[in-house]
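Colleague: Just passing along the structure, written as structure tokens.
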Amino acid sequence: MTYRTICPTMWVERHLMHFSEKERMRKDMKKIVAILLLVVMLFSFSGCGESYRRKLGNNAVEMVQSMEKIPDDIKSGCSAEKYTMDITLDDAKNKISGTVRVDIVNNTGNKLDKLCFNLFCASISSDSKISAAENSETKSKYSVEAGNSTSTFYVNLGKDGIEKGGKLSVNLKFTTMIPEINDRFGYYQDENGKLYNLSFCFPQIAFMENGEWIEEEYGEGLGEVRYSEMSDWFITFKTPEKYELITTGKIVSEDDGFVIEAENVREIAMAVCNFAEIITEESEGITYNLMMPEYEGYKAEWIKDYAEVLMTTAIESVEIYTEAFGEYIYDELDIVPVFYGDGVGGMEYPGLVQVSMVGLSGESDEGIDCCDDGIVSTCHEVGHQWFYCAVGNNEGREPWLDESFTSYIETYFCVNAKESIKKGEKFNMKYGGTDELSDMSSFNDVAMSDFYINFPFNAYEGDDYNYVYSDGAEFLRALELAMGEKAFIKMLSDWYNENINEIVTGAEFISFVLEYDSSEEVVDIINKFISEEQI
Numbered sequence: 204m205t206y207r208t209i210c211p212t213m214w215v216e217r218h219l220m221h222f223s224e225k226e227r228m229r230k231d232m233k234k235i236v237a238i239l240l241l242v243v244m245l246f247s248f249s250g251c252g253e254s255y256r257r258k259l260g261n262n263a264v265e266m267v268q269s270m271e272k273i274p275d276d277i278k279s280g281c282s283a284e285k286y287t288m289d290i291t292l293d294d295a296k297n298k299i300s301g302t303v304r305v306d307i308v309n310n311t312g313n314k315l316d317k318l319c320f321n322l323f324c325a326s327i328s329s330d331s332k333i334s335a336a337e338n339s340e341t342k343s344k345y346s347v348e349a350g351n352s353t354s355t356f357y358v359n360l361g362k363d364g365i366e367k368g369g370k371l372s373v374n375l376k377f378t379t380m381i382p383e384i385n386d387r388f389g390y391y392q393d394e395n396g397k398l399y400n401l402s403f404c405f406p407q408i409a410f411m412e413n414g415e416w417i418e419e420e421y422g423e424g425l426g427e428v429r430y431s432e433m434s435d436w437f438i439t440f441k442t443p444e445k446y447e448l449i450t451t452g453k454i455v456s457e458d459d460g461f462v463i464e465a466e467n468v469r470e471i472a473m474a475v476c477n478f479a480e481i482i483t484e485e486s487e488g489i490t491y492n493l494m495m496p497e498y499e500g501y502k503a504e505w506i507k508d509y510a511e512v513l514m515t516t517a518i519e520s521v522e523i524y525t526e527a528f529g530e531y532i533y534d535e536l537d538i539v540p541v542f543y544g545d546g547v548g549g550m551e552y553p554g555l556v557q558v559s560m561v562g563l564s565g566e567s568d569e570g571i572d573c574c575d576d577g578i579v580s581t582c583h584e585v586g587h588q589w590f591y592c593a594v595g596n597n598e599g600r601e602p603w604l605d606e607s608f609t610s611y612i613e614t615y616f617c618v619n620a621k622e623s624i625k626k627g628e629k630f631n632m633k634y635g636g637t638d639e640l641s642d643m644s645s646f647n648d649v650a651m652s653d654f655y656i657n658f659p660f661n662a663y664e665g666d667d668y669n670y671v672y673s674d675g676a677e678f679l680r681a682l683e684l685a686m687g688e689k690a691f692i693k694m695l696s697d698w699y700n701e702n703i704n705e706i707v708t709g710a711e712f713i714s715f716v717l718e719y720d721s722s723e724e725v726v727d728i729i730n731k732f733i734s735e736e737q738i
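Residues in the sequence shown are numbered from 204 upward in steps of one, following our numbering.
Written out as structure tokens, the structure is:
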């Protein structure tokens, strides 16, 4: 996810200055670290109570090196190999209803007597629920009860408990009520029609860790709490006439509803709209689909030009990240402009990104901001296709493993992009009378706070969570300066390619970095940004 409020307001000159002065920065890094250590000492006696504020004596590196076994190759005790879902949209009642068959595998060493499923949207849409469950083969009925979180539901298997290593297929009947909110889940409506953002609203097996089900609370506008393995989804989705669909995976048929196949994904997200067209482009073997709302007059021209900027940015992002870090793991990427409220820039899902449409009014200052935010949000959310979608993590517990990484490569994109910048400048000149891109990402010389970046998202107070993005990017930038750009990018590329389809941990990443460079400078940087308490 991107929050537009965290993007520094310096631009390309600042970018290029930093990247042209690497040697000076490397020489200055030890001075910077020394200064920051002094700052930490001052704050340690200031009486401030945040648990995530830096402390004297922190030694995350020593903590990692003392571990008998680094947490890696994380697997859930209970996996879903496949979801087969049949759903219908009722746009009069703003409701999705249907069934999903889930093919379950028990990876634990014990018998499983119950299963836990997430239906995240139930936290903000109380009428959303899993109402019934049964054995897919025998049709034996199972009881369903609410979990400890408003987002979770338990299915009691009774005599059909799954033996260790065993399999079972379960049918779930569910209803999702879609609220009218401008968010990643919800619908937007104006005089032209409706746009439904359908994410976090389908049943999905919860993650089991050390024999316990992980139950997390989803909420409007909060950070993500996703923690899931790869699965295959096969979906039939019936909508009223005139609705266009864009989705994780591929639409393989439209004969009797939309038939969707999405293999090797961590979740499913969709958008359906009855006042939009789908624009498609091909580049380097990848299909790019963009859902463009249709308006008349000035708005029509504005959206057409904005869509061109977003499409160019998505394509160029994939090209730059592929060259630097490794291949994009899917052969389609979908872009959905959405009507977020102010402050949110975008949201990521496997093979699909949402990007804010703030500025649609066409007022000149909003138009400029929207173009800038659109570029930044698009390249950030596309970056999540590498970090979260391909290389997974527990987003609630260790959000820095995807948000810090994508904030770093977002700025890497802004430095290396060409066509996106040209089109952004052209857009701003047309609608704002200036070609300045005023809100692009850039690195600072030092971190913006004295906070650790590796705490759970809900441990941060107020807006402090934003430093997971900004200071997280600075952490990786500091490592790049210490290791050298070529060595750092090689390390990050290896990290990505060795962990595709896996779930990683912070301790695992720190150990990985130290295999490439365990110099005093690198150790000091790690200990500055990473709390030993959260390893």
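Beta carbons are placed, not taken as given, at the ideal position from N, Cα and C, and that holds for glycine.
Less than 8 Å between the beta carbons of Ile333 and Pro406, yes or no?
Modeller: Position 130 of the sequence shown holds residue 333. Position 203 of the sequence shown holds residue 406. A contact, by the Cβ cut-off of 8 Å.
Colleague: Is it buried or exposed for Asp576, if we count other Cβ within 10 angstroms and need 16 for buried?
Modeller: Translated into the one-based positions of the sequence shown, residue 576 becomes position 373. It is buried - the Cβ of Asp576 has at least 16 other Cβ atoms within 10 Å.
Colleague: State the Cα-Cα distance for the pair Leu604 and Arg429, rounded to the nearest angstrom.
Modeller: In the sequence shown, residue 604 corresponds to position 401, counting from 1. In the sequence shown, residue 429 corresponds to position 226, counting from 1. Rounded to the nearest angstrom, the two C-alpha atoms are 13 Å apart.
Colleague: Ser456 lies in the beta strand (DSSP E); which residues open and close that run?
Modeller: In the sequence shown, residue 456 corresponds to position 253, counting from 1. Where Ser456 is concerned, the enclosing beta strand (DSSP E) stretches over Lys453 to Ser456.
Colleague: Does Lys731 pass the burial test, meaning 16 or more other C-beta atoms within 10 Å, or should it be called exposed?
Modeller: By one-based count along the sequence shown, residue 731 stands at place 528. Classification of Lys731: buried, given that the 10 Å Cβ count is 16 or more.
Colleague: Going along the chain, which residues of its own chain have a beta-carbon closer than 7 Å to the beta-carbon of Val726, five neighbours each way excluded?
Modeller: Working through the sequence shown from its first residue, we reach residue 726 at position 523. Same-chain partners within the cutoff: Val264.
Colleague: May I have the straight-line CA-CA distance separating Cys281 from Trp416, to the nearest angstrom?
Modeller: The residue you call residue 281 lines up with position 78 of the sequence shown. The residue you call residue 416 lines up with position 213 of the sequence shown. Looking at the backbone, the Cα of Cys281 and that of Trp416 are separated by about 9 Å.
Colleague: Just verifying my parser: in three-state terms, what is the DSSP assignment at Trp698?
Modeller: Within the sequence shown, numbered from 1, the residue matching residue 698 stands at position 495. The answer is helix: DSSP assigns Trp698 an H, G or I state.
Colleague: Could you name the residues of the same chain whose beta carbon sits closer than 8 Å to that of Leu536, not counting the 5 residues immediately before and after it, in chain order?
Modeller: Indexing the sequence shown from 1 puts residue 536 at position 333. Excluding positions up to five away in sequence, the list reads Ile489, Thr490, Tyr491, Asn492, Ala517, Val521, Gly554, Leu555, Val556, Val585 and Gln588.
Colleague: From the DSSP output, which residues share a beta bridge with Asn321?
Modeller: Here residue 321 corresponds to residue number 118 of the sequence shown, with the count starting at 1. Thr355 and Gln407, per the DSSP bridge assignment.
Colleague: Are there 16 or more other CB atoms within 10 angstroms of the CB of Glu566, so buried, or fewer, so exposed?
Modeller: For this step, residue 566 is matched to residue 363 along the sequence shown. Only weak support exists for where Glu566 lies, its pLDDT of 44 falling under 50; the coordinates are left without a value.
Colleague: Give me the DSSP bridge partner(s) of Cys281.
Modeller: Numbered from 1 along the sequence shown, position 78 holds the residue referred to as residue 281. Beta-bridge pairing links Cys281 to Asn309.
Colleague: What does a CB cutoff of less than 7 Å around Lys344 pick up in its chain, not counting 5 residues either side in sequence?
Modeller: The residue labelled residue 344 in the question sits at position 141 within the sequence shown. Answer for Lys344: Glu337, listed in chain order.
Colleague: From Tyr255 to Ala662, what does the alpha carbon distance come to, in whole angstroms?
Modeller: In the sequence shown, residue 255 corresponds to position 52, counting from 1. In the sequence shown, residue 662 corresponds to position 459, counting from 1. For Tyr255 and Ala662, the distance between alpha carbons rounds to 8 Å.
Colleague: Where does Gln268 sit, in a helix, a strand or coil, going by DSSP?
Modeller: Position 65 of the sequence shown, counting from 1, holds the residue named residue 268. Helix at Gln268.
Colleague: Measuring alpha carbon to alpha carbon, tell me which residue in Thr287, Ser623 and Glu470 is nearest Glu519.
Modeller: Taking the sequence shown and counting its residues from 1, one reaches residue 519 at position 316. Among Thr287, Ser623 and Glu470, the Cα nearest to that of Glu519 belongs to Ser623.
Colleague: Taking only three categories from DSSP, how would you classify Lys332?
Modeller: For the purposes of this step, residue 332 is identified with residue 129 of the sequence shown, where counting begins at 1. Reduced to three states, the DSSP call for Lys332 is strand.
Colleague: The alpha helix (DSSP H) spanning Ile703 covers which residue range?
Modeller: Your numbering for residue 703 matches position 500 in the sequence shown. Per DSSP, Ile703 belongs to no alpha helix (DSSP H) and is neither H nor E.
Colleague: Can you list, in chain order, the residues of its chain whose CB lies under 8 Å from that of Glu466, leaving out five sequence neighbours each side?
Modeller: The residue given as residue 466 occupies position 263 in the sequence shown. Around Glu466: Asp435, Trp436 and Gly452.
Colleague: Evaluate contact between the region 292-306 and the region 345-356, counting only Cβ atoms and requiring at least three cross-stretch pairs below 8 Å.
Modeller: no
Colleague: What are the boundary residues of the beta strand (DSSP E) that Met494 is part of?
Modeller: Looking up residue 494 in the sequence shown gives position 291. Run containing Met494: Ile489 to Pro496, per the beta strand (DSSP E) assignment.
Colleague: Relative to the alpha-carbon of Glu284, which residue among Glu271, Asn262, Asn385 and Arg469 has its alpha-carbon at the smallest distance?
Modeller: By one-based count along the sequence shown, residue 284 stands at place 81. Selected option, being the one with the closest Cα: Arg469.
Colleague: For Ile624, which residues does DSSP report across the bridge?
Modeller: On the sequence shown, position 421 is the one that residue 624 refers to. Partner residues in a beta bridge of Ile624, as assigned by DSSP, do not exist.
Colleague: Please name the residue or residues paired with Thr450 in a DSSP beta bridge.
Modeller: Here residue 450 is taken as the residue at index 247 of the sequence shown, counted from 1. Answer is Met473, bridged to Thr450.
Colleague: How about Lys314 and Gly368: do their beta carbons lie closer than 8 Å?
Modeller: Counted from its first residue, the sequence shown places residue 314 at position 111. Counted from its first residue, the sequence shown places residue 368 at position 165. No, the Cβ-Cβ distance between Lys314 and Gly368 is not below 8 Å.
Colleague: Cα-Cα, which of Asn596, Tyr286, Val512 and Glu271 is closest to Phe660?
Modeller: Along the sequence shown, read from residue 1 onward, the residue named residue 660 stands at position 457. Here the closest residue by C-alpha is Asn596.
Colleague: Where does Asn385 land, buried or exposed, given buried means 16+ other C-beta within 10 angstroms?
Modeller: If you number the sequence shown from 1, residue 385 lands on position 182. Label assigned to Asn385: buried.
Colleague: Which of helix, strand or coil does DSSP assign to Val428?
Modeller: Here the question's residue 428 lines up with position 225 in the sequence shown. Note: Val428 maps to coil in three-state DSSP.
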